[in-house]
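Protein chains: 2
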Amino acid sequence: MLSIWAVEGIPEIVAGDDLAAIIGDAVGELQDGDILAITSKIVSKAEGRLVRADDREDAITAETVRVVATRGATRIVENKLGLVLAAAGVDASNTPEGFVLLLPEDPDASARALASALRERLGVRLGVVITDTLGRPWREGQADAAIGAAGILVLDDLRGSTDANGRVLEATVGATADEIASAADLVKGKSGGLPVAVVRGLGHLVGDLDLPGARSLVRSSENDMFRLGTREAWDEGYRAGLHAAQQ
Amino acid sequence: MLSIWAVEGIPEIVAGDDLAAIIGDAVGELQDGDILAITSKIVSKAEGRLVRADDREDAITAETVRVVATRGATRIVENKLGLVLAAAGVDASNTPEGFVLLLPEDPDASARALASALRERLGVRLGVVITDTLGRPWREGQADAAIGAAGILVLDDLRGSTDANGRVLEATVGATADEIASAADLVKGKSGGLPVAVVRGLGHLVGDLDLPGARSLVRSSENDMFRLGTREAWDEGYRAGLHAAQQ
């Protein structure tokens, strides 16, 4: 049985807040194997990532490592974390006028620090997932995914195990941390101001704090078949074709 | 509070089985607002979609509407349902030698039939999500998504609602059905033979059986910035560039 609930009573977070203490006070009693899904926004705010930006577009450019695709005002980019997402994760909603909220600088490190402090504070072996909302190619709507994680198995590698007929499963690697983030989003809600959820019942996924973080969920662009938007790749090819013909 | 558990005691499904009766018998007492997440495999099997195929590659070709990207033996295609996925959803694991399992022909219709029969049988207002496991660009691992749905809000459109500061949320449309599928996968497991899960606590998303199905989660290729793989788009552009130079 999996149980998921939102934590009530998390106040508005500001730079310098001790997030582990605030969450620890609000969350009540936890058990070994519980996982906390924490919206990246409050981690960013606690870490002082609410920064002045007169121009949101400039802020996006500053966070961008590589432009993946643009259409109209929409820019899909790879950001400093290797995440491919709209607007480089720069958030101008839910922020004061003239400010933008950047993603945590190192969400896996943030998750590790939170998990470590909360394990000590609450005396239980828990995991932490830091979540953000991502769009997806080919599908409408957004879903929450894990951009930081600590103390959990972010990928559940079933390759080599057997199916019900005794055949070896070849290609199944479950993106458990992303599925946990999505599950938690169902109770946190987008506008409700409930940035933390407890996920209970996945203790088999909880482990040491030095397990690989959410960074291992990021596929490197060299290994990705969708490194560029269709139009961008086509344009690159077109220019190469023109150039080749003119040699 | 969201509770999710796998239904025990679903036997191996074969063509012609009355899936609503089998699930109805196994699931125990349900409540208004419960959602059943059902792995597409058992829907396919009940619908006789286990078909003889000496060559899996030919079976994939038959299910393919459009090739999106290929790399080595991997073929990402758009299938007849508009889904972009590896191998067109043709499954050769967990099937007898010489057979493949195709996806349900119309998973939204399957979901509607199951939801209707189970609502009547169990006397509760429930929703149904039919799930399949999909890979994702840019991220490692697979996650479950909704390929069929009935009686639930598959997209939770928050555009126009306001955030905690009273600002209008612009771009947030939650892919709730996909998040439900992912959440259910955490208890169903890939190799454990538990193809049905109950999701309790999302009654606000459950509605009439004529709500739009999972098809509305499919973005049309014309509206998609990643209609083609990078290499495929580049090659198309290159040929166009060569051709243009030679005019």
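Chain order of the listed sequences is U and F.
Residues in the first sequence are numbered from 2 upward in steps of one, following the working numbering.
Residues in the second sequence are numbered from 2 upward in steps of one, following the working numbering.
Just so it is clear, CB atoms sit at the ideal spot from N, CA and C, and this is done for glycine as well.
Just so it is clear, the structure is predicted and the values come from calculations on it, not from any experiment.
Query                                                                                                                                                       : Result
Mind checking if ASP186/F is an interface residue toward chain U, Cβ cutoff 8 Å exclusive?                                                                  : yes
Any C-beta of chain U within less than 9 Å: which residues of the region 118-142 of chain F qualify?                                                        : THR134, LEU135, GLY136, ARG137, PRO138, TRP139, ARG140, GLU141 and GLY142
Could you tell me which chain F residues have their CB closer than 7 Å to the CB of ARG240/U, listed as they occur along the chain?                         : GLY242
Is the separation between the beta-carbon of LEU184/F and that of ALA150/F shorter than 8 Å?                                                                : Inspection of the sequence shows that residue 184/F is occupied by Ala rather than by Leu. No, these two residues do not count as a Cβ contact at 8 Å.
List the whole-angstrom C-beta distance separating ALA60/U from VAL78/U, where the pair is believed to meet the contact cut-off of C-beta under 8 Å.        : Going by Cβ atoms, the distance from ALA60/U to VAL78/U rounds to 12 Å, so no, they are not a contact pair.
Taking 8 Å as the limit between beta carbons, can you name the residues of its chain near ARG126/F, skipping five residues before and five after?           : ASP33, GLY34, ARG120, GLY152 and VAL207
Have a look at the DSSP bridge pairing and note the partners of SER4/F.                                                                                     : SER4/U and ARG201/F
Jot down the residue ranges of each uninterrupted alpha helix (DSSP H) in the region 24-90 of chain F, minimum 4 residues, whole runs only, in chain order. : 41-47 and 57-64
Determine the DSSP secondary structure at THR96/U, reduced to helix, strand or coil.                                                                        : coil
Using DSSP with H/G/I as helix, E/B as strand and the rest coil, what is GLN248/F?                                                                          : coil
Roughly how many angstroms lie between the CA atoms of ARG240/F and ARG67/U, to the nearest whole one?                                                      : 25 Å
Chain U partners of SER217/F, CB-CB under 8 Å?                                                                                                              : GLU141
Please tell me whether GLY230/U has its Cβ less than 8 Å away from any Cβ of chain F.                                                                       : yes
Would you say GLU233/F touches the ligand FMN, meaning its beta carbon is less than 7 Å from a heavy atom?                                                  : The ligand FMN is absent from the structure shown, which contains no ligands of any kind.
Taking the continuous alpha helix (DSSP H) assigned at LEU123/U, which residues delimit it?                                                                 : 108-123
Would you verify that the beta carbon of LEU115/U is, or is not, closer than 8 Å to some beta carbon of chain F?                                            : no
Let me see if you follow: with CB-CB separation under 8 Å, is SER111/F close to chain U or not?                                                             : no
Specify the secondary structure class of ALA176/U as computed by DSSP and reduced to three states.                                                          : coil
Who are THR134/U's beta bridge partners in DSSP?                                                                                                            : ASP145/U
Assuming LEU212/U and LEU154/U form a contact by the criterion Cβ under 8 Å, report the distance between their Cβ atoms to the nearest whole angstrom.      : 6 Å
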